[in-house]
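What follows is a set of notes on a single structure, which appears directly below.
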Amino acid sequence: MFWDSELRLSFLRDTSDRVELEDRSDSALVKALEGIAPTALGGGKWNEKMEHAFIIDIGRHRRYKFDDIRDLLRVIRNKLNHYRELPIEIQELVGPVPEGYDNYFASRFPKLLIEVHKVVWKYCREEECFHKYFKSNV
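The numbering of the sequence shown is the working numbering, which starts it at 71 and goes up by one.
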């Protein structure tokens, strides 16, 4: 996948928005996303690959399940959408949007994008909000 940082972040944000619509208990999409967790997270829980200050900051707003891909996508989306509201030390930690921010997560979870892409391709590629990611000229 030869997407720039802006498109990668947009895809993860759109995926998070889409997954929020699903019922957690019996959604094939959610089950498929959770099934990729060991590969996408590189083993372990996602909070283990982030700085303590970042984990403290995200915990101020809600509780997250650190073995849950859906929650990791939510963190990526929420912090991206509210980047300007982040404390300056967290902005410096994750880097500027889009390149630094994308690199922060891509360096910690190098397989996240491709694994999420596979799931979205299988379950959501016909949905209008994902057409831009699956056109042959992207």
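Positions of the beta carbon are idealized from the N, C-alpha and C atoms, including for glycine.
Here Ala-110 is actually not in contact with Ile-146; their C-beta atoms are around 12 Å apart, not less than 8 Å. Here DSSP, grouped into helix, strand and coil, assigns Glu-197 to coil. In the structure shown, Phe-124 adopts helical secondary structure according to DSSP, grouped into three states.
Of the residues Val-189, Glu-169, Lys-115 and Val-164, the one whose Cα lies closest to the Cα of Val-100 is Val-189.
In the same chain as Phe-81, and ignoring 5 residues on each side of it, the C-beta atoms closer than 6 Å to its own belong to Tyr-203, in chain order. Boundaries cannot be given for Leu-156, as no alpha helix (DSSP H) includes it and DSSP labels it neither H nor E.
A distance below 6 Å between beta-carbons, with the five flanking residues on each side excluded, links Glu-90 to no residue of its chain.
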